[in-house]
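**Q**
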Amino acid sequence: MSQVPTVTLSHGSTMPRVGLGTSPMNDADAERAVRTALELGYRLIDTAENYRNEVGVGRALRGAPRDELFVTSKFNKRWHSVDGPRTAFEASAEKLGVEYLDLLLIHWPNPAQDRYVEAWQGLIALREAGLVKAIGTSNFKPAHLQRLIDETGVAPEVNQVQLSPVWTKAAEREFHRQHGIVTEAWSPLGKGTELLSHPTVQAIAAAHDRSPGQVVLRWETQQDVVPIPKSADPGRLAQNLAVFDFDLTSDELAALDGLDGTAKPPADSDRSGH
Ligand SMILES: NC(=O)c1ccc[n+]([C@@H]2O[C@H](COP(=O)([O-])OP(=O)(O)OC[C@H]3O[C@@H](n4cnc5c(N)ncnc54)[C@H](OP(=O)(O)O)[C@@H]3O)[C@@H](O)[C@H]2O)c1
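Numbers in the working numbering are just positions in the sequence shown, counted from 1, shifted up by 4.
1) So, does the stretch 26-41 touch the stretch 228-242, judging by three or more C-beta pairs under 8 Å?
2) For Lys173, which beta-bridge partners are listed by DSSP?
3) Would Ser191 and Asn163 be called neighbours here (beta carbons separated by less than 8 Å)?
4) Note down, in chain order, each residue of its chain lying with its Cβ closer than 7 Å to the Cβ of Ala92, except the 5 sequence neighbours on either side.
5) Could you check if Arg63 is buried or exposed, using at least 16 other CB atoms within 10 Å of its CB as the buried criterion?
6) Check each candidate in Gln166, Leu73, Arg70, Glu198 and name the one with the smallest Cα separation from Thr266.
7) Figure out for me which residue from Thr12, Ala174, Phe144 has the closest Cα to the Cα of Ala258.
8) Whole beta strand (DSSP E) runs in the stretch 26-64 with 3 or more residues, listed along the chain?
9) Near Ala68, which residues of its chain fall below 7 Å by C-beta distance, leaving aside the five closest residues on each side in sequence?
10) Is the Cβ-Cβ distance between Arg56 and Gly101 less than 8 Å?
11) Does the beta-carbon of Gln7 have 16 or more other beta-carbons within 10 angstroms, so that it is buried, or is it exposed?
12) Return helix, strand or coil for Ser22, following the three-state DSSP convention.
13) Would you say Gly3 and Val170 are within 8 Å of each other, going by their C-beta atoms?
14) Pick from Leu107, Pro9, Arg70: whose alpha carbon is nearest that of Thr51?
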């Protein structure tokens, strides 16, 4: 079983440098995938209230040594108030069957609702109470993050954003770096579509005798981005974890950077669907 390297977050937790994304999976699929992932050595499991699979994820976690796991969840916009995150935490923790979460994220800033600063205050209180070990955001742009910092003096430990070689978000990553925020990548494989068949990715994969998915995940991990690829397939789950025993050259990293902007823009982070 492989040991995944970790990164230390600003409040002291250690977070695995690659994890398993569980959307879209229902309870049964999530239970199966998380069980396989844990056997392979995954420790970071990413779920959310919105995925409606926390019960299945929790079933798979039962019996695993709690202190070795890094369980992440996220809450929806209805909990954007000072007290809301506590209610959201209690619901997620009960479904997952855990007493604490390793990381809880505000899923979207929902600027039209404009209550994400209150949600952030609620998360700070949850961390002070020891119910969550680390707190963060998802889909926050630098302006949203700056406002949290200005109004509370506390920066998120993690910001989870859509990121891959076709959407590199260099300026956002730089902002994160300056504020001690770890960048976590959702859709790190570009959802497994055109990115993986791009000739540049294919050529680098052939040069290293690795799969295109491994090359893309190495581009992320080599730049201190934590990817959470989703897979329900045991072979691809194993591949996606085995990305720390080879290095891309600076030319290869630059060639992958060159794919920035070659896919259609990602979902608007202002969307307020959940
Ligand atoms: N915070 C947010 O707003 C947000 C939004 C979207 C997603 N997320 C999180 O990010 C996770 C990952 O994002 P995602 O599922 O959108 O996209 P992704 O991880 O980039 O791609 C997943 C797709 O790639 C396939 N795949 C996995 N490993 C592969 C490999 N090595 N080679 C080829 N294909 C591979 C998977 O199929 P198989 O299952 O068949 O392997 C699946 O179809 C989600 O599960 C979720 O936890 C967060």
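Cβ atoms here follow ideal geometry from the backbone N, Cα and C, with glycine treated the same way.
**A** Checking against the coordinates, here is how it stands:
1) With contact defined as three or more Cβ pairs closer than 8 Å, the stretch 26-41 and the stretch 228-242 are in contact.
2) The count along the sequence shown starts at 1 and reaches residue 173 at position 169. DSSP, once it has assigned bridges, lists no residue as partnering Lys173.
3) Along the sequence shown, one-based indexing puts residue 191 at 187. Along the sequence shown, one-based indexing puts residue 163 at 159. Not closer than 8 Å, so no.
4) In the sequence shown, counting from the first residue as 1, residue 92 sits at position 88. Take Ala92, set aside five residues on each side of it, and the residues of its chain with a beta-carbon closer than 7 Å to its own are Glu53, Phe79, Trp83, in chain order.
5) What you label residue 63 is simply residue 59 of the sequence shown in a count that begins at 1. Buried, since its Cβ has 16 or more Cβ neighbours within 10 Å.
6) Your numbering for residue 266 matches position 262 in the sequence shown. When each option's Cα is compared against that of Thr266, the closest is Glu198.
7) The count along the sequence shown starts at 1 and reaches residue 258 at position 254. Of the candidates Thr12, Ala174, Phe144, the one whose C-alpha sits nearest the C-alpha of Ala258 is Ala174.
8) 48-50
9) Here residue 68 refers to the residue found at position 64 of the sequence shown. Excluding sequence neighbours, Ala68 sits near Leu42.
10) Locating residue 56 in the sequence shown gives position 52, where the first residue counts as 1. Locating residue 101 in the sequence shown gives position 97, where the first residue counts as 1. No, the pair does not count as a contact, with Cβ atoms beyond the cut-off.
11) Residue mapping note: residue 7 aligns to position 3 of the sequence shown, counting from 1. Counting Cβ neighbours within 10 Å, Gln7 comes out exposed, since fewer than 16 surround it.
12) Start at 1 with the first residue of the sequence shown, and residue 22 comes out as number 18. In the sequence as presented, Ser is not what sits at residue 22; that position holds Val. Reduced to three states, the DSSP call for Val22 is coil.
13) In the structure as shown, the chain begins at 5 and stops at 278. Residue 3 is therefore absent and cannot be evaluated.
14) The residue you call residue 51 lines up with position 47 of the sequence shown. Nearest of Leu107, Pro9, Arg70 to Thr51, Cα basis: Leu107.
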